[in-house]
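*Asks:* Got a structure for you, questions after.
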Amino acid sequence: MFTVSVARLKKAPAEERRYHLTGRIAALPGAGGEPVPVVSPVELELGITNAGDFLWAVGDVKAAVRLTCSRCIKEFLLQIEGRFEEKYRLHGDAPAGGNEEVAFAADELDFTGQVTETLMLSLPMKPLCHEDCKGLCAVCGRDLNTGKCSCPQEVGDPRFAVLARLKE
Ligand SMILES: [Zn+2]
Ligand SMILES: [Zn+2]
Numbered sequence: 023m024f025t026v027s028v029a030r031l032k033k034a035p036a037e038e039r040r041y042h043l044t045g046r047i048a049a050l051p052g053a054g055g056e057p058v059p060v061v062s063p064v065e066l067e068l069g070i071t072n073a074g075d076f077l078w079a080v081g082d083v084k085a086a087v088r089l090t091c092s093r094c095i096k097e098f099l100l101q102i103e104g105r106f107e108e109k110y111r112l113h114g115d116a117p118a119g120g121n122e123e124v125a126f127a128a129d130e131l132d133f134t135g136q137v138t139e140t141l142m143l144s145l146p147m148k149p150l151c152h153e154d155c156k157g158l159c160a161v162c163g164r165d166l167n168t169g170k171c172s173c174p175q176e177v178g179d180p181r182f183a184v185l186a187r188l189k190e
């Protein structure tokens, strides 16, 4: 899906090629393992440079996902984006004693793995529908973004109790 042919570029030192690829990924694994639906096509802007000894690829990935707010449990859409970089060797031998694993450049390079991983890393740890989402009332469960409920407020936050005692 996110595959490009680099057969010509491999023979052209100092050349750079740019690609725009679009594909579909149904869902990403979320932080807790739950699937996060991807609701737009996934876009990849890719630049690959022949740097002599290796191909150097830089990809910018974008997609819209549907998340559940961690405070008010409403679903909302979020545009996520991220960048990856990858190197591919152009010559036979791996660098002696090198500790980084660099794959050999085939004539076709498939970036589907990098695209998926980049999007996964761009998912927020604590999704919020808005930065100042007020969440749900812990007592009656009302969505506090839509108005106040009549439950008693400050149901004893222990930190406030400690401060009050210190003041006395
Ligand atoms: Zn929310
Ligand atoms: Zn309430």
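Numbering (this note's numbering), first residue to last: 23 to 190. Just so it is clear, CB atoms sit at the ideal spot from N, CA and C, and this is done for glycine as well.
(1) Kindly indicate the opening and closing residues of the beta strand (DSSP E) around Gly45.
(2) Could you tell me the distance, in whole angstroms, from the CA atom of Phe106 to the CA atom of Val26?
(3) What residues are listed by DSSP as bridge partners for Ala79?
(4) Pick out the complete alpha helix (DSSP H) segments inside the stretch 120-181, 4 residues or longer, and give them in chain order.
(5) Looking at the secondary structure, which residues open and close the beta strand (DSSP E) in which Pro63 lies?
(6) Between which two residues does the beta strand (DSSP E) harbouring Ser92 extend?
(7) Helix, strand or coil: how does DSSP classify Lys96 here?
(8) Less than 7 Å between the CB of Arg164 and some heavy atom of ligand 2, yes or no?
(9) Cys159: beta carbon under 7 Å from a heavy atom of ligand 4?
*Replies:* Quick answer:
(1) Glu38 to Gly45 is the span of the beta strand (DSSP E), which, as asked, contains Gly45.
(2) Val26 has its alpha-carbon roughly 16 Å from the corresponding atom of Phe106.
(3) The beta-bridge partner set that DSSP reports for Ala79 consists of Ile70 and Glu108.
(4) Positions of the alpha helix (DSSP H) runs, each at least 4 residues long and wholly inside the stretch 120-181, are given as 134-144 in order along the chain.
(5) Looking at the DSSP string, Pro63 is not in any beta strand (DSSP E), and its letter there is neither H nor E.
(6) Ser92 -> no beta strand (DSSP E), and no H or E assigned at all.
(7) Lys96: coil per DSSP, three-state reduction.
(8) Within 7 Å of the C-beta of Arg164 there is at least one heavy atom belonging to ligand 2.
(9) Ligand 4 is absent from the structure shown, which contains only ligand 1 and ligand 2.
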